[in-house]
Structure formats: C-alpha cells, structure tokens
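Only one structure is covered here, and it is reproduced in the block below.
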C-alpha cells in the first residue's frame, strides 16, 4: 500500500498480508478482506492506484497445501504399517500331543515372552518369527521423498539441480548457490517490472507529463563476468573475421589492453647494430 504526503508524494510502501486479499474467481478485481475471514469471496473495493500488486500465476501455497495433505496421509499410513509390521510376528510350535490346556498355557507364556523379550517355554516348543521378506515392500519413504521433491521443484521453478544431495566438498554447495542466484535474479526482474509499471510510471507521468522516461526502478544483482568465456568469444570472432572494440573488451574483462607488437618487432627497441654490442 502506498502512503502519500499531503502533496501526493509516496513516502512509504506498507506490505499487506496475503490473507487480507480476496477476489471473485480468477480474474476479478482484488478487494480488501479487513477481518481476514476464511472463505470470503468479497471484500471492500480498493483504488488500484494506491497499491503495488504483484500477481503470481501459480502460487506455491496452493501446491504446498495439496502436498501437505498427501504427506500427512502417507505419514499416518506409515505409522500404521510400523505398528503392524514393525514388531516381528511370533508363533509357538507346541510339543506333539499337547492338550488344549497346555496350548492355552503356552499362549499365555508366549505373550509374556513377546512382551519383555525374555521368558520360559517348556521343552519341545519352538519359537518361530515371520521372515522380514514376508512383510511386503515399504513404499512410504520413497513416496515422501517424491512429495518433498515436488515441493522443492514448485518453490524453485523447476530447478532440478537444487535436489542434488549435499556432499562433503564445496561442489554441491556451489551448485545450490548458483540455482538460488538464478531464482533471485529472475524474481528481481519480475519485481522490478511490477514497480516500473505501478510505481514509476504514475509518478513520472504526474511529475513530468508527456516527457520521455529516463529513470526507472530496478533490483539489480551483482553480475559476475566469466572473463575466460569473454576472451574465448573474442578469439572466435577474430578468427571469423570480426573484431571487438578494445574499449568494450576492456570493460568486459577488466583488463587494460594494449596492442600486440607487429611480427619481428622487439617492443620498441630497434635491431642491434653491428659494432654497438658491449660485453
């Protein structure tokens, strides 16, 4: 929200939380939801000229909400799986000819044995557990990882490199930093475009009507030039018959350039004359 002085100049931009905004459908006008009522579709009309509004085509909140619901359901099912199959199933093979009374006694003793992992069973009984392979495949960890990857991809605009597992060295960290730098630069361009349209243009039109625009707002990240790549490009252009101006090449590389001496020239010292050499 723009805060104005009595003279009409903007002195402050006050952020307005997302939950105070509502709109009818996907293309309706934005309205102010003063009480942040959940589920509200209408609010107070606003003057768009008093706000700087940036719309996101596909907000990450919507994607994250669906992933959050699925993740909770998967975690609940995993808990039930662990409760059922986490403790190995135990069975007792009783001695031959055991009566019903003996079987009931063995069952009670088995409960005690399983409960504290120690106890006594009569001679001739055998304690058997179900093999781990018989419990089935555990798909929950893979599914949760896939959900996390979907959330990361949604938040990073589909950057797969950020999913690289961190390593001991600096290579993985460098890859992550490069991805985040690309994301920040892209966000800076989008924010700058919104500010130029909704802040710069009205201000300049009011102060300098019908004048060409020579000033604008921009979030400029620090750009790092790959000097080696610039030199390689200049060399390739030279081989193709083109030449980059020395001033532009010096600006791009940061080098102070000087013309190379002509073939056979010794750099300003003339050829040695006979009889002038001194030991």
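In our numbering, the protein residues as written are 20 to 298.
Just so it is clear, CB atoms sit at the ideal spot from N, CA and C, and this is done for glycine as well.
Residues that DSSP places opposite residue i in a beta bridge
{"i": "residue 63", "result": "51"}
{"i": "residue 112", "result": "145"}
{"i": "residue 70", "result": "Partner(s): none; residue 70 has no beta bridge."}
{"i": "residue 31", "result": "22"}
{"i": "residue 40", "result": "51"}
Whole-angstrom distance between residue j and residue i, CA atom to CA atom
{"i": "residue 84", "j": "residue 173", "result": "12 Å"}
{"i": "residue 269", "j": "residue 61", "result": "58 Å"}
{"i": "residue 26", "j": "residue 52", "result": "29 Å"}
{"i": "residue 127", "j": "residue 164", "result": "42 Å"}
{"i": "residue 187", "j": "residue 66", "result": "Reliability fails at residue 187, whose pLDDT of 49 lies under 50, so the model's placement of it is uncertain and the value that follows must be treated cautiously. Their backbone Cα atoms lie some 54 Å apart in a straight line."}
{"i": "residue 200", "j": "residue 105", "result": "44 Å"}
{"i": "residue 63", "j": "residue 39", "result": "10 Å"}
{"i": "residue 231", "j": "residue 56", "result": "45 Å"}
8 Å Cβ shell around residue i - same chain, five flanking residues per side excluded
{"i": "residue 299", "result": "It is not possible to answer for residue 299, since the shown part of the chain is limited to 20 through 298."}
{"i": "residue 236", "result": "211, 214, 215, 218, 219"}
Beta-carbon proximity list for residue i, same chain, < 6 Å, skipping 5 on both sides
{"i": "residue 246", "result": "272"}
{"i": "residue 110", "result": "147"}
{"i": "residue 70", "result": "20"}
{"i": "residue 77", "result": "none"}
Cβ-Cβ distance between residue i and residue j below 8 Å
{"i": "residue 89", "j": "residue 166", "result": "yes"}
{"i": "residue 33", "j": "residue 20", "result": "yes"}
{"i": "residue 59", "j": "residue 41", "result": "yes"}
{"i": "residue 202", "j": "residue 244", "result": "no"}
{"i": "residue 238", "j": "residue 207", "result": "yes"}
{"i": "residue 29", "j": "residue 222", "result": "yes"}
{"i": "residue 113", "j": "residue 161", "result": "no"}
{"i": "residue 276", "j": "residue 265", "result": "yes"}
- Message: Tell me whether the region 40-54 and the region 94-110 touch, counting them as touching only if at least three CB pairs, one residue from each stretch, are closer than 8 Å.
- Response: no
- Task: Give a yes or no on contact between the region 214-223 and the region 104-119, applying the rule of three or more CB pairs nearer than 8 Å.
- Result: no
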